[in-house]
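S.K.:
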Amino acid sequence: MKRFLFIFLCLFLIPKAVHAQNVADNKFWIVNGVLIGTTVYDIESTYFALDRCETCYELNPIMRPFVEAGKPQLYAIQGSIDAGIIYVSYKMKKQEEWEKNVLWYWIELFELSHHDLMMQNLLLLMLSQT
Numbered sequence: 004m005k006r007f008l009f010i011f012l013c014l015f016l017i018p019k020a021v022h023a024q025n026v027a028d029n030k031f032w033i034v035n036g037v038l039i040g041t042t043v044y045d046i047e048s049t050y051f052a053l054d055r056c057e058t059c060y061e062l063n064p065i066m067r068p069f070v071e072a073g074k075p076q077l078y079a080i081q082g083s084i085d086a087g088i089i090y091v092s093y094k095m096k097k098q099e100e101w102e103k104n105v106l107w108y109w110i111e112l113f114e115l116s117h118h119d120l121m122m123q124n125l126l127l128l129m130l131s132q133t
């Protein structure tokens, strides 16, 4: 419960602090919204595949212990990772230098491409049931 409360507060306090400084524009919020949405979809598709396939397992050795621990722990870890990425991207976007101001976007796109692999969960499930 403490982890959930911590993540909940982080997700609601960070946006208010960011919005107050006028650094976050619509593009910033759209990219971060997509990031959080793909994280949720990744977690749900992982458990969807694991519940329906007895031979399936998490391929990522770093995340495997968290997946085996259950959804709340995985949401806590992934939420913390997303909050960290949002914070770093905000700090980079706030920079006056052009390179850092644009680089925040690429960091988040890299993380989004990682979540693109979530489709592999569903593809493996479909292949295993045919």
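In this note's numbering, the protein residues as written are 4 to 133.
Think of the CB as a built atom: it goes at the ideal place given N, C-alpha and C, for glycine as much as any other residue.
1. Put Ala-27 into one of helix, strand or coil per three-state DSSP.
2. At what residues does the alpha helix (DSSP H) containing Gly-87 begin and finish?
3. State the Cα-Cα distance for the pair Pro-64 and Tyr-50, rounded to the nearest angstrom.
4. Beta carbon of Ile-88, beta carbon of Glu-61: below 8 Å?
5. Going straight from the alpha carbon of Val-43 to that of Lys-30, what length do you get?
6. Suppose you measure from the CA of Val-70 to the CA of Trp-109; what does that come to, to the nearest Å?
M.R.: Looking at the atomic coordinates:
1. coil
2. Note, Gly-87: alpha helix (DSSP H), 74-97.
3. 16 Å
4. no
5. 20 Å
6. 27 Å
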